[in-house]
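Asker:
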Amino acid sequence: MLKESIAVIITKASQISDLKERVEFLQKNESQPLKTILRYGLDPKIKWILEPGTPKYNPNKDYPDLQGMLYSRTRLLYMFIDGTGNHIPPKKREKLFTDILESILPEDAELLIQIKDKQLPKTINKNVYSKAFPKDRF
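For the sequence shown, the numbering used here gives the first residue as 8, with consecutive numbering after it.
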């Protein structure tokens, strides 16, 4: 059985009204990529060095079985963060980001854009993250 995509996990978590149940759901689906994605979208110290908004890209509709692709692409996200990706020329950085968006499920691509713009659902916040992953506070 394939893992659920990170976008599906975050969407399901955001729809759980009870805080304790939401925290337990995130803990049940814990993975380093999930925590990285959430932290990159919630931690105010992490600054993305990409233009805000949705870049021009072609959503991947040819390969529907890419649920796990964002899990592996997460390790590349440092290239778009201030302090670790500044050595990459801006045009190349934008192209690399577009390449990632085109290599993952469309809903994961939309999530990644929301993360970049710090626009997670309101029910997924620093408090929820801290309760779900107390050892990884920021």
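Cβ coordinates follow ideal geometry from the N, Cα and C atoms, glycine included.
Keep in mind the model is a prediction, meaning the values are calculated, not measured.
Among R46, D115, Q126, which residue has its Cα nearest to the Cα of S79?
Answerer: Comparing Cα positions, the closest option is D115.
Asker: Using DSSP with H/G/I as helix, E/B as strand and the rest coil, what is I111?
Answerer: It is coil, neither helix nor strand.
Asker: Can you give me the C-alpha to C-alpha distance between F104 and I13, rounded to a whole angstrom?
Answerer: Roughly 17 Å between the two C-alpha positions.
Asker: One question on the structure: do P40 and T81 come within less than 7 Å of each other, judged by their Cβ atoms?
Answerer: Yes, the pair counts as a contact, with Cβ atoms nearer than the cut-off.
Asker: Nearest CA to the CA of L83: which residue from S110, A139, N65?
Answerer: Looking at the Cα atoms, S110 is the closest of the given residues.
Asker: Kindly indicate the opening and closing residues of the alpha helix (DSSP H) around K81.
Answerer: The identity of residue 81 in the sequence shown is Thr, whereas the question assumes Lys. Taken as a continuous stretch (DSSP letters only), T81 belongs to no alpha helix (DSSP H), as it is neither H nor E.
Asker: Classify I88 as helix, strand or coil using the three-state DSSP reduction.
Answerer: The answer is strand: DSSP assigns I88 an E or B state.
Asker: Rounded to whole angstroms, what's the CA-CA distance from P96 to G90? Just pull it up for me.
Answerer: Cα-Cα distance, rounded: 13 Å.
Asker: Anyone know if the C-beta pair for Y136 and L49 falls short of 7 Å?
Answerer: It is a contact, given that the beta carbons lie within the stated cut-off.
Asker: Buried or exposed: which applies to Q74, given that a residue is buried once 16 or more other Cβ atoms fall within 10 Å of its Cβ?
Answerer: Result: buried.
Asker: Give the single residue among N132, K138, K125 whose Cα lies nearest to the Cα of K54.
Answerer: Cα-wise, what sits closest to K54 is K125.
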